[in-house]
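Trainee: One structure coming up, written as structure tokens, with questions to follow.
Number of protein chains: 2
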Amino acid sequence: MTSREGSASAPVAFSDHDHAACVEDTLAAAEEVCAERGLRLTPVRRKVLELLLQEHRALGAYAILDLLRDAGFGSQPPVAYRALDFLVKNGFVHKIERLNAFVACVHPGETHSPAFMICRKCDAVAEAQSTPLKGALGAAARSTGFQIERTVVEAEGLCPDCAEASGS
Amino acid sequence: MTSREGSASAPVAFSDHDHAACVEDTLAAAEEVCAERGLRLTPVRRKVLELLLQEHRALGAYAILDLLRDAGFGSQPPVAYRALDFLVKNGFVHKIERLNAFVACVHPGETHSPAFMICRKCDAVAEAQSTPLKGALGAAARSTGFQIERTVVEAEGLCPDCAEASGS
DNA sequence: CCCTCTATGTGATTTTATAACATTTCAGAG
DNA sequence: CTCTGAAATGTTATAAAATCACATAGAGGG
Ligand SMILES: [Zn+2]
Ligand SMILES: [Zn+2]
Ligand SMILES: [Zn+2]
Ligand SMILES: [Zn+2]
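These protein sequence lines are chains S and D, in that order.
Here numbering that gives the first Met the number 0 is used: the first residue of the first sequence is 0, the next is one more, and so on.
Here numbering that gives the first Met the number 0 is used: the first residue of the second sequence is 0, the next is one more, and so on.
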């Protein structure tokens with residue numbers, strides 16, 4: 000087996016919540032946004048988004064591909080990468096560069112600069128907002144004349160559960 | 000040819016400076032730090048650091064490997080990856096996650112949380128400091144109980160030169 | 001209906017990274 | 001100085017991640 004499948008042990012992102020509703024609502028919101036913008040949330044694309052929403056964690060493209068195959072879709076890499084491209088470009092999914100993996104956005108539709116907290120032990124990923132123009136990086140950009148177009152902000156460490164489990 | 004070689008057109012990182020001295024000084028500093036800490040800056044490791052210092056930009060592992068081969072070292076991937084592992088672990092080189100590439104540190108020896116500005120047009124990379132605990136991400140971490148151990152902060156955009164070149 | 005553009009399916013390939021094992025080098029012990 | 005064990009290097013092979021190229025299928029406009 001190439002990938003971790005199954006959502007049984009998937010940690011919710013640092014806090015309990017009604018996960019079924021969380022998936023439903025976000026999918027519905029995505030459909031609405033696509034309708035508004037004339038985007039086609041095709042079956043593969045919808046399925047990939049659904050898979051990423053079900054897990055509250057980052058999945059690699061090949062893990063997604065395995066799940067797509069199980070669901071009866073094509074099983075070659077471009078199938079997964081093309082769906083992911085669409086979802087990332089339109090803000091429904093973010094890529095976690097540190098992990099070469101993808102995670103569903105919790106604020107679909109709204110343009111925002113995400114920041115992520117990644118647990119090195121259980122792989123949970125939580126999305127927060129970053130404020131790229133404030134702080135040291137923004138200051139450095141202004142002083143050198145660098146024009147920021149996109150930012151990658153990823154913190155690696157221990158999530159609350161794993162920190163507690165591993166003492167202290 | 001697999002990679003961009005040659006430093007002729009390599010942009011200096013957003014500002015003119017005495018590059019020869021820049022390379023020399025940083026290499027000397029690295030040797031001193033290694034001596035202090037009992038680390039072995041072996042020929043391959045030193046060469047990789049030198050190559051990265053000469054280019055003020057990120058190089059992929061295979062580009063480095065090509066240059067190592069030219070310099071008479073082993074030409075199989077582990078040669079490059081092992082040297083890079085050493086240099087990254089000891090803070091002489093940083094990995095740019097967005098590019099799957101590596102860049103020499105401009106503050107070798109000192110522990111710090113780097114932030115990078117990456118020009119999407121000319122590939123120049125400039126290092127700045129980030130302040131992970133301040134700002135939105137730090138606040139999110141504190142409020143959820145996430146323990147940050149390491150951060151990846153990378154801004155993509157246009158460097159001053161390329162911004163000017165491409166109009167306004 | 002026909003044409004065109006977009007999306008999907010599939011095979012092959014490129015790029016990035018690691019595993020596994022043999023050989024060499026070197027610092028420190030005796 | 002010589003032995004010895006750990007660290008470093010060289011090399012083969014393989015895994016993992018991403019893209020290319022081209023054929024087929026669908027949706028929508030005329
Ligand atoms: Zn988001
Ligand atoms: Zn955790
Ligand atoms: Zn320089
Ligand atoms: Zn640095």
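Note that CB positions come from ideal geometry on N, CA and C, so glycine has one too.
If you're wondering where the values come from, they're calculated on a predicted model, not measured in any experiment.
Alpha carbon to alpha carbon, how far is S:L58 from D:E31? Give it in angstroms, no decimals.
Mentor: By one-based count along the second sequence, residue 31 of chain D stands at place 32. By one-based count along the first sequence, residue 58 of chain S stands at place 59. When rounded, the distance between both Cα atoms is 42 Å.
Trainee: Taking its Cβ as the centre, do 16 or more other Cβ atoms sit within 10 Å of D:S74, making it buried, or is it exposed?
Mentor: Here the question's residue 74 of chain D lines up with position 75 in the second sequence. The residue in question, D:S74, is exposed, as its Cβ has fewer than 16 Cβ neighbours within 10 Å.
Trainee: From the DSSP output, in three-state form, read off S:T25 for me.
Mentor: The residue you call residue 25 of chain S lines up with position 26 of the first sequence. Helix.
Trainee: When you compare only the Cα positions, how much space is there between D:L26 and D:V47?
Mentor: By one-based count along the second sequence, residue 26 of chain D stands at place 27. By one-based count along the second sequence, residue 47 of chain D stands at place 48. If I take the Cα positions, the gap works out to 11 Å.
Trainee: Report all residues from its chain with a CB closer than 6 Å to the CB of D:S112; omit the five preceding and five following residues, and keep chain order.
Mentor: Within the second sequence, the letter at position 113 stands for residue 112 of chain D. If we look at D:S112 and ignore the five residues flanking it on each side, its Cβ neighbours are S129, P131, T150.
Trainee: Using a threshold of 6 Å, is the CB atom of D:H106 nearer than that to any non-hydrogen atom of ligand 4?
Mentor: As a first step, residue 106 of chain D must be located in the second sequence, where it is residue number 107. Yes, the Cβ of D:H106 comes within 6 Å of a heavy atom of ligand 4.
Trainee: Is it buried or exposed for D:A125, if we count other Cβ within 10 angstroms and need 16 for buried?
Mentor: Against the second sequence, residue 125 of chain D aligns to sequence position 126. By the 10 Å Cβ count, D:A125 comes out buried.
Trainee: With 16 as the cutoff for other CB atoms within 10 Å, does S:P76 come out buried or exposed?
Mentor: Working through the first sequence from its first residue, we reach residue 76 of chain S at position 77. That one is exposed.
Trainee: Which residues of chain D have a Cβ atom closer than 7 Å to the Cβ of S:L136, listed in chain order?
Mentor: On the first sequence, position 137 is the one that residue 136 of chain S refers to. A114, A127, S129, V152, A154, listed in chain order.
Trainee: Mind checking S:D122: buried by the 16 CB within 10 Å criterion, or exposed?
Mentor: Against the first sequence, residue 122 of chain S aligns to sequence position 123. Label assigned to S:D122: buried.
Trainee: Within a Cβ cutoff of 6 Å, which residues of the same chain sit near D:E4, ignoring the five residues on either side of it in sequence?
Mentor: Walking along the second sequence from the start, residue 4 of chain D turns up at place 5. Annotation note: pLDDT 39 at D:E4 (below 50); position unreliable, no value reported.
Trainee: Can you pull the chain D residues whose beta carbon is under 7 Å from the beta carbon of S:K133, in chain order?
Mentor: On the first sequence, residue 133 of chain S is found 134 positions in, with the first residue counted as 1. The contacting residues are G134.
Trainee: Is there a Cβ of chain S sitting closer than 7 Å to that of D:H149, yes or no?
Mentor: By one-based count along the second sequence, residue 149 of chain D stands at place 150. For the record, residue 149 of chain D in the displayed sequence is Arg; it is not His. Closer than 7 Å: yes.
Trainee: Please check if any C-beta of chain D sits within less than 7 Å of the C-beta of S:G144.
Mentor: Along the first sequence, read from residue 1 onward, the residue named residue 144 of chain S stands at position 145. It does; some Cβ of chain D falls within 7 Å.
Trainee: Give me the Cβ distance between D:A79 and D:A60, rounded to the nearest whole Å; I'm assuming they're in contact under 8 Å.
Mentor: As a working note, residue 79 of chain D is residue 80 in the second sequence. As a working note, residue 60 of chain D is residue 61 in the second sequence. With a Cβ gap of about 5 Å, D:A79 and D:A60 count as contacting.
Trainee: State yes or no: is the beta carbon of S:E30 nearer than 7 Å to at least one beta carbon in chain D?
Mentor: In the first sequence, counting from the first residue as 1, residue 30 of chain S sits at position 31. Not one chain D Cβ lies under 7 Å of S:E30.
Trainee: Using a Cβ-Cβ cut-off of 7 Å, state whether S:P159 counts as contacting chain D.
Mentor: To locate residue 159 of chain S, count along the first sequence from 1; it is residue 160. Yes, its Cβ sits closer than 7 Å to a Cβ of chain D.
Trainee: Suppose you measure from the CA of D:A19 to the CA of D:G108; what does that come to, to the nearest Å?
Mentor: Position 20 of the second sequence holds residue 19 of chain D. Position 109 of the second sequence holds residue 108 of chain D. Their Cα atoms are separated by approximately 20 Å.
Trainee: If you draw a straight line from the C-alpha of S:Q146 to the C-alpha of S:L86, how long is it?
Mentor: The residue given as residue 146 of chain S occupies position 147 in the first sequence. The residue given as residue 86 of chain S occupies position 87 in the first sequence. The straight-line gap from Cα to Cα measures roughly 25 Å.
Trainee: Looking at chain D, is there any beta carbon in it that lies within less than 7 Å of the beta carbon of S:R56?
Mentor: Taking the first residue of the first sequence as 1, we reach residue 56 of chain S at position 57. With 7 Å as the cut-off, S:R56 does not count as an interface residue toward chain D.
Trainee: When DSSP labels each residue in this structure, what does D:L132 get in the three-state scheme?
Mentor: Mapped onto the second sequence, residue 132 of chain D falls at position 133. D:L132 falls in the coil class under three-state DSSP.
Trainee: Quick one, which of S:F101, S:S142, S:E23 has its alpha-carbon nearest S:E153's?
Mentor: On the first sequence, residue 153 of chain S is found 154 positions in, with the first residue counted as 1. Comparing Cα positions, the closest option is S:F101.
Trainee: Within 10 angstroms of the Cβ of D:I95, are there 16 or more other Cβ atoms? Answer buried if so, exposed if not.
Mentor: The count along the second sequence starts at 1 and reaches residue 95 of chain D at position 96. Answer is buried; the Cβ neighbour count reaches 16.
Trainee: Smallest Cα separation from D:E54: which of D:R81, D:V105, D:G156, D:L38?
Mentor: Indexing the second sequence from 1 puts residue 54 of chain D at position 55. Closest option to D:E54, Cα to Cα, is D:V105.
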